[in-house]
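Undergrad:
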Amino acid sequence: MQRLIFMGPPGAGKGTQAKIICSEYKIPQVSTGDILRESIKNQTKAGLEAKKFMDAGDLVPDSVVINIIKDRLAEADCKHGFLLDGFPRTLDQADALDSLLKEMGLGLNAVINLAVPDEELLKRLLERAKIEGRADDNEETIKNRLLNYNNKTFPLLDYYKKKGLLKEINGTGKMEEITSLIKKELN
Ligand code: AMP
Numbered sequence: 078m079q080r081l082i083f084m085g086p087p088g089a090g091k092g093t094q095a096k097i098i099c100s101e102y103k104i105p106q107v108s109t110g111d112i113l114r115e116s117i118k119n120q121t122k123a124g125l126e127a128k129k130f131m132d133a134g135d136l137v138p139d140s141v142v143i144n145i146i147k148d149r150l151a152e153a154d155c156k157h158g159f160l161l162d163g164f165p166r167t168l169d170q171a172d173a174l175d176s177l178l179k180e181m182g183l184g185l186n187a188v189i190n191l192a193v194p195d196e197e198l199l200k201r202l203l204e205r206a207k208i209e210g211r212a213d214d215n216e217e218t219i220k221n222r223l224l225n226y227n228n229k230t231f232p233l234l235d236y237y238k239k240k241g242l243l244k245e246i247n248g249t250g251k252m253e254e255i256t257s258l259i260k261k262e263l264n
């Protein structure tokens, strides 16, 4: 059974690799970004609260995403493992996840970090903006998301390194090569 966290800056290919790994290990991909986008579409309370932060490239308040994760991990399909994609993104979220997993009597197998240099990320994200037309993929919000990543999420690498869970992966190669590097770390 695999209980995993996928980390990495926006544009590192986290979502793509997460999908591949989830289908191979038959575990659900739990993406707070996807859940929030769905909540906005359905105009739920959490969605309405999150929208202004997401549109600006800011992080949604911890309490909102922590509640989302609490509810999602309690669902039946997470019983046999899961992959967290885009959560935690702050130290408070990581602490909340620790407490939640402790309460549930569960542990993590690994934290995978996909590392890609900033210039490459900016290039990839601007390209994706053209193709997908995501509301938060314009140059100004992209730069803000990278800034937020560096200030608030990057410190989590050290947090998980100290717990002996961090696996660093070079995220700049071909998609299949990166997948096989990840699988090597997990097996
Ligand atoms: P993503 O699809 O993971 O790039 O997330 C898109 C946006 O959703 C982010 O820029 C944040 O505004 C918000 N978001 C997703 N996950 C989180 C999280 N764990 N904490 C705070 N905000 C989040």
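If you read the sequence shown in our numbering, its first letter stands for residue 78, the second for the next number, and so on.
Quick reminder that beta carbons are idealized off the backbone N, C-alpha and C, glycines included.
Please read these numbers as outputs of a predicted model, since none were measured by experiment.
1) If you draw a straight line from the alpha carbon of Leu258 to that of Lys251, how long is it in whole angstroms?
2) Under 7 Å, do Val107 and Ala123 count as touching if we go by C-beta distance?
3) Does the Cβ of Met265 lie closer than 6 Å to at least one heavy atom of the ligand AMP?
4) Give me the Cα-Cα distance between Leu118 and Asp111, rounded to the nearest whole angstrom.
5) To test your reading of the DSSP string, which unbroken alpha helix (DSSP H) runs of 4 or more residues are found completely within the segment 174-222?
6) In this structure, how does DSSP classify Lys240 when only helix, strand and coil are distinguished?
7) By DSSP, does Phe159 sit in helix, in strand, or in coil?
8) Less than 7 Å separating the beta-carbons of Gly90 and Leu191?
9) Taking DSSP's pairing of strands, which residues face Val107 in a bridge?
10) Within 8 Å, do at least three Cβ pairs link the segment 176-183 to the segment 233-244?
11) The ligand AMP heavy atoms versus the CB of Arg211: any closer than 6 Å?
12) So is the beta-carbon of Leu203 under 6 Å away from any non-hydrogen atom of the ligand AMP?
TA: In brief:
1) Numbered from its first residue, the sequence shown carries residue 258 at position 181. Numbered from its first residue, the sequence shown carries residue 251 at position 174. The C-alpha of Leu258 lies about 11 Å from the C-alpha of Lys251.
2) By 1-based counting over the sequence shown, the position of residue 107 is 30. By 1-based counting over the sequence shown, the position of residue 123 is 46. No, they are not a contact pair.
3) It is not possible to answer for residue 265, since the shown part of the chain is limited to 78 through 264.
4) Walking along the sequence shown from the start, residue 118 turns up at place 41. Walking along the sequence shown from the start, residue 111 turns up at place 34. One detail in the question is off: residue 118 reads as Lys in this sequence, not Leu. C-alpha separation (whole angstroms): 11 Å.
5) Correct list: 195-209.
6) As a first step, residue 240 is located in the sequence shown; it is residue number 163 there, counting from the start. Taken through DSSP and simplified to helix, strand or coil, Lys240 comes out as coil.
7) Against the sequence shown, residue 159 aligns to sequence position 82. Residue state, collapsed to three classes: strand.
8) Position 13 of the sequence shown, counting from 1, holds the residue named residue 90. Position 114 of the sequence shown, counting from 1, holds the residue named residue 191. Their beta carbons are under 7 Å apart, which means Gly90 touches Leu191 by this criterion.
9) Counting from one through the sequence shown, the residue named residue 107 turns up at place 30. Its beta-bridge partners are Leu161.
10) Verdict: no, contact absent.
11) The residue given as residue 211 occupies position 134 in the sequence shown. Outside the cutoff, so no.
12) Translated into positions along the sequence shown, residue 203 becomes position 126. For Leu203, the shortest C-beta to heavy atom distance toward the ligand AMP is 6 Å or greater.
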